[in-house]
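Everything on this sheet refers to the single structure shown next.
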Amino acid sequence: MGRGGNGQDEAQRQHDAAIWKTLLVNELSDVNRFHEVETVPVLFAPQLAPDERFVAAGHFQLYDYGAVGDGTYERNSGFFFAAGPAGLALTGGVAAARAIGNASRRSRAASDAIPRWKVIDQGQIWVSHLGFSMRGQQSFLVWDWPSILAVELIGPGRLCFDGESDRGRIRWILQSDWAELAFTLWARARHPQHPQFVGRTWIPPGWADRTIARGYALPPALSGRWQVRDIQDS
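Right, here's the structure in full:
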């Protein structure tokens, strides 16, 4: 998932730009001016309300926790025999190669049986004031805020959430530049006292300094609630 050099710098820049807009969205929301947030075009009909306002779009990856396999593998037990001195040597070589192949498949099967976070989908995400929509490689998923029960930012651009889906209870990780925007809009609608929201720790460390160093002004402080420099310096 990581990228080095200029690619990593560009990824950081894009995420920092998303944080800038996320702060602006929250500032405008605090003073009842959400309607002034610039919207983005979507490729589908609004799913949650006719007046659903989509304010951000970008790439996403979705992770689920579980095993890739069940520990089983197909063992190669075929028989091979060649007569004569050269044939015996060849027979031994084939048997050795078969044993190595079986050991490799057994090791890979054992590794696949270990639960881990794995990518289950990726594509485009659109975030609105009512939820977010994800258009994956072979899926289209819509999450409204009431269906999401608990959330936690586990790193910059990484949101772990529990929700009620048509498949039952799930716990997924959403990785996107817009994870923090989804988090803050969910918190405003469902849990304004969420410690990461109240404590403003959803703003990545060093964000203000990086933004200023690039020659950009910080978002206008309309409400006085998001004194970013105070957060970064504390």
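Residue numbers for the sequence shown, in the numbering used here: -13 to 220. Where a beta carbon is used, it is the ideal one built from N, C-alpha and C, also for glycine. All values derive from a computational prediction rather than experimental measurement.
Measuring only the C-alpha atoms, how far is residue i from residue j?
{"i": "residue 105", "j": "residue 42", "result": "22 Å"}
{"i": "residue 121", "j": "residue 51", "result": "20 Å"}
{"i": "residue 177", "j": "residue 86", "result": "55 Å"}
{"i": "residue 180", "j": "residue -4", "result": "31 Å"}
{"i": "residue 4", "j": "residue 44", "result": "10 Å"}
{"i": "residue 21", "j": "residue 164", "result": "19 Å"}
{"i": "residue 142", "j": "residue 60", "result": "41 Å"}
{"i": "residue 166", "j": "residue 0", "result": "13 Å"}
{"i": "residue 101", "j": "residue -2", "result": "29 Å"}
{"i": "residue 201", "j": "residue 107", "result": "36 Å"}
Spatial neighbours of residue i within its chain, please: CB distance less than 8 Å, with the 5 preceding and 5 following residues excluded, ordered by chain position.
{"i": "residue 152", "result": "none"}
{"i": "residue 198", "result": "204"}
Output needed for residue i: all residues of its chain with C-beta closer than 6 Å, excluding positions within five of it in sequence on either side, in chain order.
{"i": "residue 206", "result": "none"}
{"i": "residue 146", "result": "138, 140 and 159"}
{"i": "residue 231", "result": "Because residue 231 is not part of the residues shown, which for the chain are -13 to 220, the question remains open."}
{"i": "residue 112", "result": "28, 40, 43 and 119"}
{"i": "residue 150", "result": "133"}
{"i": "residue 128", "result": "33 and 119"}
Under 7 Å: does the beta carbon of residue i sit that close to some heavy atom of the ligand MG?
{"i": "residue 45", "result": "This structure lacks the ligand MG; in fact it carries no ligand of any kind."}
Near residue i, what residues of its chain come up, given a Cβ to Cβ distance below 7 Å and the 5 sequence neighbours on each side ignored?
{"i": "residue 116", "result": "34, 35, 38, 130 and 131"}
{"i": "residue 208", "result": "13, 14, 16 and 17"}
{"i": "residue 25", "result": "39, 40 and 41"}
Among the candidates the options, whose CA atom is the shortest distance from the CA of residue i?
{"i": "residue 126", "options": "-5, 46 and 17", "result": "46"}
{"i": "residue 203", "options": "2, 144, 165 and 179", "result": "2"}
{"i": "residue 109", "options": "208, 22, 27 and 123", "result": "123"}
{"i": "residue 212", "options": "23, 201 and 182", "result": "182"}
{"i": "residue 114", "options": "103, 28 and 0", "result": "28"}
{"i": "residue 155", "options": "174, 133, 163 and 175", "result": "133"}
{"i": "residue 49", "options": "22, 162, 199 and 174", "result": "162"}
{"i": "residue 144", "options": "103, 128, 135 and 150", "result": "103"}
{"i": "residue 135", "options": "175, 166 and 100", "result": "175"}
Quiz item: Is it a yes or a no for the stretch 27 to 43 touching the stretch 186 to 195, going by three-plus beta-carbon pairs under 8 Å?
Solution: Proximity of the stretch 27 to 43 to the stretch 186 to 195 falls short of the contact definition, fewer than three beta-carbon pairs being nearer than 8 Å.
Exercise. For the stretch 174 to 188 and the stretch -9 to -1, state whether three or more C-beta atom pairs, one from each stretch, are separated by less than 8 Å.
Key: no
Quiz item: At a cut of 8 Å, does the stretch 8 to 16 reach the stretch 166 to 176 through at least three beta carbon pairs?
Solution: yes
Quiz item: What are the uninterrupted segments assigned as beta strand (DSSP E) that are 3 or more residues long and contained completely in the stretch 145 to 198, given in chain order?
Solution: 154 to 162
Self-check item: 4-residue-minimum alpha helix (DSSP H) runs that sit fully inside the stretch -10 to 58, ordered along the chain
Solution: -9 to 16
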